[in-house]
Ligand SMILES: NC(=O)c1ccc[n+]([C@@H]2O[C@H](COP(=O)([O-])OP(=O)(O)OC[C@H]3O[C@@H](n4cnc5c(N)ncnc54)[C@H](OP(=O)(O)O)[C@@H]3O)[C@@H](O)[C@H]2O)c1
């Protein structure tokens with residue numbers, strides 16, 4: 406990608422965790438904008454194949470993001486098959502609710518290995534491929550309003566997501582000027598859980614008075630992917646005003 410504002414037509418963009426939910430919405434949106442989308446998945450092979458079919462027969466890449474070796478192998482395969490990479494959307498993550506006084510080391514690592522460590526190593530590997538191809542690039546990390554609000558039953562998740570926001574800032578400086586790094590922080594974006602009364606109450610309490618959609622997150626991601634490299638290190642809160650306290 407060049408430094409100026411550009412269209413996504415023909416750009417090769419990897420979306421992690423693209424089989425379902427927000428990742429699927431991002432992949433479909435980028436495909437609709439003309440991008441060549443690469444679909445990463447972990448365990449949801451059938452859903453990933455369905456998303457790939459909807460994205461015009463997009464290539465599939467499987468990796469357990471807990472493993473840095475699997476992340477490295479995935480990017481090696483992408484470089485060999487695609488000849489380069491223009492964009493990375495670090496979307497894959499885990500979410501758990503645990504009493505802060507009961508959380509174990511394994512439960513802490515379960516979240517941090519994917520939500521923070523994998524975000525870093527995917528960005529590192531993507532940046533190496535982007536540098537080698539000489540095309541520059543765009544990295545968009547999906548963080549969360551949990552990075553900014555204090556959620557007592559998700560302390561471990563909020564800490565990892567706050568890490569993603571700071572990682573975005575430091576990586577933006579480290580990878581400039583060829584590669585921009587930005588983040589989208591979603592608010593309440595429910596899918597199967599949309600009828601859960603707690604989710605409905607949280608969404609109803611926002612200025613928007615409703616939950617958000619995957620498409621609304623995807624539009625923000627596409628904005629950063631299209632933007633010039635002058636826009637970097639930023640986190641855009643797409644939350645219906647949830648964070649306005
Ligand atoms: N939904 C919300 O309300 C909300 C709010 C704030 C922030 N976010 C953030 O937005 C992003 C997407 O949210 P979501 O609710 O759509 O996510 P999700 O359904 O919970 O997870 C997305 C995908 O992450 C992949 N993943 C998780 N662990 C993995 C691993 N070890 N290896 C490979 N893939 C792994 C899974 O892929 P497979 O199924 O293929 O294994 C999963 O489908 C996340 O970063 C999330 O934290 C969401």
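Numbering (our numbering), first residue to last: 406 to 650.
No residue lacks a Cβ here, since even glycine has one placed at the ideal position from N, Cα and C.
Quick caveat: nothing in here was measured; it's all calculated off a predicted structure.
Coil, strand or helix - residue 355 by DSSP:
Residue 355 falls outside the range modelled here, since the chain spans only 406 to 650, and no answer is possible.
Counting along the chain, where does the beta strand (DSSP E) carrying residue 585 start and finish?
584-591
Looking at the unbroken alpha helix (DSSP H) that takes in residue 420, where does it start and where does it end?
Run containing residue 420: none in the alpha helix (DSSP H); it sits in the beta strand (DSSP E), 417-420.
Cβ neighbour criterion (16 or more within 10 Å) applied to residue 644:
buried
Where residue 495 sits in the DSSP three-state scheme
strand
Residue closest to residue 468, alpha-carbon to alpha-carbon, out of 565, 526, 638 and 566:
526
Where residue 445 and residue 634 are concerned, what is the direct C-alpha to C-alpha distance, given to the nearest angstrom?
25 Å
Let's see if you can read the secondary structure: which residues bound the beta strand (DSSP E) around residue 428?
Residue 428 -> not in any beta strand (DSSP E); alpha helix (DSSP H) instead, spanning 426-437.
What does the Cβ neighbour count give for residue 614, buried or exposed, with the cut at 16 atoms within 10 Å?
exposed
Between residue 437 and residue 561, what straight-line distance do the alpha-carbon atoms span, to the nearest angstrom?
35 Å
Whole-number beta carbon distance between residue 421 and residue 495, since they are thought to touch under 8 Å
6 Å
Reference residue 541; option with closest CA among 548, 547 and 533
533
Where the beta strand (DSSP E) through residue 547 begins and ends:
542-547
Is any heavy atom of ligand 1 found at a distance shorter than 8 Å from the C-beta of residue 500?
yes
Okay, do the region 412-428 and the region 492-507 touch, 3+ Cβ pairs below 8 Å being the bar?
yes
Terminal residues of the continuous alpha helix (DSSP H) containing residue 561?
560-580
For residue 441, which three-state DSSP category applies?
strand
Which partner residues of residue 467 appear in the DSSP bridge assignment?
446
Below 8 Å CB to CB, which residues in the same chain sit around residue 513 once its five sequence neighbours on both sides are set aside?
561
What do you get for residue 500, buried or exposed, if any count of 16 or more other CB atoms within 10 angstroms of its CB means buried?
exposed
Using DSSP with H/G/I as helix, E/B as strand and the rest coil, what is residue 533?
helix
So, are the CB atoms of residue 417 and residue 470 less than 9 Å apart?
no
In whole angstroms, what is the alpha-carbon distance linking residue 515 and residue 600?
27 Å
Would you report the Cα separation of residue 428 and residue 565, rounded to the nearest angstrom?
19 Å
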